[in-house]
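The next block holds one structure in the form of structure tokens; read it before the comments.
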Amino acid sequence: MDSQQAEAILDKLAFLMNDKGGSDLIITCECPPGIKLNGKVQYVEGLTLSAEDIDHMVRAKLSDTMYQQFQDELEINFMIDYPGKAQFRTNVFKQKDTIGMVLRRIPVNIPTTEELNLPEHLRTLAGLKRGLILFTGGTGVGKSTSLASLIDYRNRHFADHIITVEDPIEFVHSSKKSIVCQREIGIDTHSYARAMKSALRQAPDVLLIGEIRDMEVMEQAMTFAETGHLVFATLHATSAKLTLERIINLFPFERRDKLLHDLSESLNAVICQRLMHAADGKGRVAAFEIMTVTPHIKMLIADGKLSAIDESMERATLREGVVTFDNYIIDLLKDNKVTAEEAMIYVDSPNNFKQKLREHGLGHLIGDGEGAAPTQGWSLEKSVGEEAEEQRRQTEEAKQSSDSMGMAQFGVFVKE
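Residue numbers (the numbering used here): 1048 to 1463.
Okay, structure coming up:
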């Protein structure tokens, strides 16, 4: 196929994912494209792309300069935007000497904190005058969406100057009560570090750093927080304590004492997020660990007693702005938002979690006692007829969705 045909197929695949509510489109050579829906990959069958096809797709979406950058660095991040319809954060990379690409769907409209069911305490944090707020978690757990929602909350309720530095820009914020300036690495600035230095002369009230990756940017974030600015940033870490450990490991050992002091003074909160499958099978549910820096936690950080962080968080309450993953997930169970089986996958300590369930009168969820109530989840006892009917229905729906976007001409349908 030529470049025009390749771009048309990429566009249709992107809209197919968008219409189905998928999170990611995965394209590799000699393999059907895959759409990740509720955390599970489903193939787009009937379409196999060659290395040349994928190269045509990439060339169609990149300028000559950006394509040369990809050739030099073997990977590149950029946004594919269909104004008013859909937008995708895109990563192109080399794999087995061919090209692969992944498109992450980004909502066109920024969801509100209420729509995302974010804890009320996060809105309180978003309204602070100064300090550093770190949003952490693994890849694909919704950090960017939650953070964009909090920035939008600030934008709608406070008269500020908000600067974002991102790689790439994901959610576009229009100025509301605040003035919002968004800078993209590689287009509007050369690096996070250079953008941060310039921000000192741009009179910001709020600064969003897309990701803290090195010591220099971490230092700048703490400096901004200590000098009266509110700083939001993301880090890849799976818990509050591991976030602190990762920050410490960015710095040489001889600077540890000063780092711990500066971190204890500048850090307001660490918010860690995980995504769980909903009990009704429809979508995902976010679980949070929130570590607001209380006076006791501040002392532990300053003294380098990170091993005591978990115990301190366990004793604290959400009223103080602190909740562990396990305690948050118990509340999700009480509200029937997740199943016990799903909960056991995501808690930090399964044995301790079981004991907590018993203490909350939820022991029946893990089979304690006679007449234990069954938990909701997938059944492995469906009849052959039920399985066949469900498969037929899913296939028919997939075909209809594909046909509505013109994919039928390629013989494409989604199959699990």
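In this text, a Cβ means the ideal position worked out from N, Cα and C, and glycines have one as well.
Given the structure is predicted, the values throughout are model-derived calculations rather than measurements.
In this structure, the straight-line span from the alpha carbon of residue 1245 to that of residue 1201 is close to 22 Å. Every unbroken stretch of the alpha helix (DSSP H) spanning 4 or more residues and falling wholly within the region 1250–1327 is given here in chain order: 1262–1273, 1287–1296, 1303–1313.
Sorting 1383, 1286, 1371 by C-alpha distance to the C-alpha of residue 1403 places 1371 at the top.
Partner residues in a beta bridge of residue 1204, as assigned by DSSP, do not exist. DSSP places residue 1403 in the uninterrupted alpha helix (DSSP H) bounded by 1397–1406.
Selection 1306, 1175, 1134 evaluated against residue 1253 yields 1175 as nearest (Cα-Cα).
For the pair of segments examined, the region 1163–1179 was found not to touch the region 1136–1153: the number of CB pairs separated by less than 8 Å stays below three. With 16 or more other CB atoms across the displayed protein chains lying within 10 angstroms of its CB, residue 1151 is buried. Per the DSSP secondary-structure output, residue 1129 pairs in a beta bridge with 1133. Residue 1085 sits in coil when the DSSP states are folded into three classes, being neither helix nor strand. Remark: C-beta atoms of residue 1349 and residue 1311 approach each other more closely than 8 Å. For residue 1071, the enclosing beta strand (DSSP E) has its first and last residue at 1071–1074.
Rounded to the nearest whole angstrom, the C-alpha separation of residue 1322 and residue 1105 is 30 Å.
For residue 1141, the pairing in a beta bridge is given by DSSP as 1146. Per the coordinates, the alpha-carbon of residue 1239 lies some 16 Å from the alpha-carbon of residue 1297.
Secondary-structure assignment with DSSP links residue 1336 through a beta bridge to 1319. Excluding residues up to 5 positions away in sequence, 1177, 1178, 1179, 1278, 1313 lie with their Cβ nearer than 7 Å to the Cβ of residue 1272 in the same chain. The alpha-carbon separation between residue 1355 and residue 1345 amounts to approximately 12 Å.
For residue 1234, no beta strand (DSSP E) segment is defined, and its DSSP state is neither H nor E.
DSSP, read as helix, strand or coil, puts residue 1120 in helix. Here the alpha carbons of residue 1127 and residue 1255 stand approximately 22 Å from one another. In the displayed model, residue 1060 falls within a helix according to three-state DSSP. Secondary structure at residue 1216: coil, using DSSP grouped into helix, strand and coil. Going by DSSP, residue 1109 is part of no alpha helix (DSSP H) at all; its letter is neither H nor E.
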